[in-house]
Amino acid sequence: MTRHHPDQIRAFISQTCQSLGSQQTEAELVANNLVEANLAGHDSHGVGMLPTYVDGVVNGRLKINVGPAVVVDRGPLVTLDGQAGFGQVNGFETMKIGIERARNHGVAIVGLRNSYHIGRIGHWAEQCAAAGFASLHLVNVIGHPPIVAAYGGADARFGTNPFCAAVPGRDGRPGFLLDMATSIIAAGKARVAANKGEKVPPNTIIDADGNLTDDPNELWYTAQSADRGGALVAFGDHKGSGLAIMCELLAAALLGGETSHPDTPRDGRVINNMLSFIIDPDAVGEAETFLGEIERFREYLLESRLRADCDELLVPGQPEQRARSDRATGFEIDAVTLKQLKACAIRAGMAEADVEDLLDA
Ligand code: NAD
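Using my numbering, you'd call the opening residue of the sequence shown number 356 and step up by one each time.
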């Protein structure tokens, strides 16, 4: 493990993206989004995603310097096509448009289809919360072979289809932020565990023979095909599996995006489709009352007696707040990830000596 300052990793990502040909604004949006995920404690969606992006650009699957194109524009209702461009640009621009429409109409429903990976979904809810708005986001993931099995099945049939909802707080950060994969663990967490040589929690992965396991390698090294490989288990049995299925249909099918089936291209792309609802609290009630109720409810929850087998109670978004204060001056990167980062920067066109300088711990 080596420890790195957030600014150092931001500069490294930005330089790598610019070496690929990204304009500075794009490179900085990517860098900021990935580092914010590390700071929020989600290494699975942080700088470790960079090699996948470099591979996407080099192989022509991820397009640089394209923004989202408007497909539907009906006041509070906007659909955009991300044109397989960087999700960090598409997500940012889509939320910017949604926030502006919610300001004008009280509510906005914005769809983003066909974007390359949009990273940690909470990042987009945070952009809405910073504007004082509540938001809800349904997302599907497409391109790789599917990775999550429907409840009862052993074959992977869809992605980790995240669900996210947030309400604003008084400090520009969400008061509550629920941001989760609909699989028990996110796919990136299995990658991080495999890189570190660690196990994942019990019964979160189904191996190729249909048995539950805690070995992340069963997912990563056998998942060559959706019908004969490892799969992640959806959270909450039939309920989580059902929510993932609704994410697939509402985030993708409804917007003209791709759902997962045998005809879907499986060329290693990581495409996200996202349906977002953005609500101005002052348009549907009173923002001040809403903020007061959020705070009072939070206090009430935190005053709970603890369950006998638990040593604390946290509210959604609290683990990320904690991670942010713990990691503000730096976070650790494991040796396997660091090696992958160096290799991908060289692949993007950077000189080896510059890469070593930029990543010097
Ligand atoms: P997680 O399980 O770490 O957290 C899920 C939610 O539960 C968070 O809102 C968190 O604040 C809350 N939480 C965690 N521990 C808690 C506790 N002890 N008490 C109360 N609340 C708690 O998250 P995850 O499901 O592993 O997802 C990780 C990230 O992966 C998310 O940011 C998600 O958006 C992202 N993701 C992205 C994609 C994509 O395709 N772009 C796909 C899947 C997941």
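Every residue, glycine too, gets a C-beta built ideally from N, C-alpha and C.
If you're wondering where the values come from, they're calculated on a predicted model, not measured in any experiment.
Contacting residues, own chain, Cβ-Cβ under 8 Å from residue i (five flanking each side not counted)
i    : result
D562 : T568, D570, E573, T577 and G585
N469 : D436, G437, Q438, A439, G612, E613, I626 and N628
M719 : Only positions 356 to 716 of the chain appear in this structure, which leaves residue 719 out of reach.
A716 : T357, R358 and H359
E667 : L661
G430 : R456, N459 and H460
CA-to-CA distance, residue j to residue i, given in whole angstroms
i    : j    : result
P361 : T692 : 16 Å
N516 : V522 : 21 Å
K554 : A548 : 6 Å
G507 : L630 : 27 Å
Q378 : A703 : 14 Å
R624 : S680 : 34 Å
Q695 : L605 : 35 Å
L467 : L610 : 8 Å
Q373 : N393 : 21 Å
V444 : P556 : 33 Å
G527 : D564 : 48 Å
L384 : G411 : 17 Å
I539 : H400 : 16 Å
E687 : R416 : 30 Å
L656 : I649 : 11 Å
A505 : N558 : 15 Å
L713 : R653 : 42 Å
T684 : L405 : 21 Å
P426 : A366 : Here residue 426 turns out to be Val, not Pro, going by the sequence shown. Roughly 34 Å separates the two Cα atoms.
A607 : N566 : 30 Å
R475 : E675 : 12 Å
Q363 : V710 : 11 Å
D428 : T434 : 7 Å
R525 : A706 : 45 Å
S659 : R651 : 13 Å
D642 : E391 : In the sequence as presented, Asp is not what sits at residue 642; that position holds Ala. Cα to Cα, A642 sits roughly 27 Å from E391.
Proximity winner among the options, relative to residue i (alpha-carbon distances)
i    : options                   : result
R621 : E455, N445, Q438 and I497 : I497
Y408 : S369, L605 and R468       : S369
D398 : N469, L656 and N550       : N550
C519 : K544, G527 and S490       : S490
A511 : I600, T371, L646 and A386 : I600
N387 : I473, T619 and D618       : I473
A456 : F488, M705 and F441       : Going by the sequence as given, residue 456 is Arg instead of Ala. Measuring from the Cα of R456, the nearest candidate turns out to be F488.
D689 : T371, D618, V427 and R546 : R546
L598 : D428, M404 and G514       : G514
F441 : A424, A366 and D428       : A424
A541 : L587, G552, H499 and G524 : L587
D618 : V426, H499, Q363 and N566 : H499
G403 : T371, G430 and T434       : T371
L493 : R682, A698 and G446       : G446
Beta-carbon proximity list for residue i, same chain, < 7 Å, skipping 5 on both sides
i    : result
V639 : G461
F645 : P636
G595 : T537 and A589
E603 : N495, F513, N516, T614 and S615
V413 : R702
K697 : V710 and L714
A382 : S369, C372 and Q373
I502 : A511, G514, T515, A542, A578, A586 and L587
Residues near residue i by beta carbon distance below 6 Å, same chain, minus five either side
i    : result
I464 : L432 and F632
A678 : A395 and G396
A486 : I454
R682 : L394
Any non-hydrogen atom of the ligand ADP closer than 7 Å to residue i Cβ
i    : result
G437 : In the structure on display, the ligand ADP does not appear, and the ligands it does have are the ligand NAD.
Sequence ranges, beta strand (DSSP E) only - wholly within the region 464-546, length at least 3: 489-497, 511-513, 518-523 and 529-535
In chain order, each alpha helix (DSSP H) run of at least 4 residues that lies wholly inside the region 404-456: 405-413
Any 3 or more C-beta pairs closer than 8 Å across the region 657-666 and the region 474-483: no
Stretch-stretch touch, CB-based, cutoff 8 Å, three pairs: the region 670-678 with the region 527-537: For the pair of segments examined, the region 670-678 was found to touch the region 527-537: the number of CB pairs separated by less than 8 Å reaches three.
The region 418-425 touching the region 374-394, judged by at least three CB pairs closer than 8 Å: yes
Complete runs of the beta strand (DSSP E) confined to the region 567-614 [at least 3 residues]: 586-588
Continuous alpha helix (DSSP H) assignments of at least 4 residues falling wholly in the region 623-679: 636-639 and 642-657
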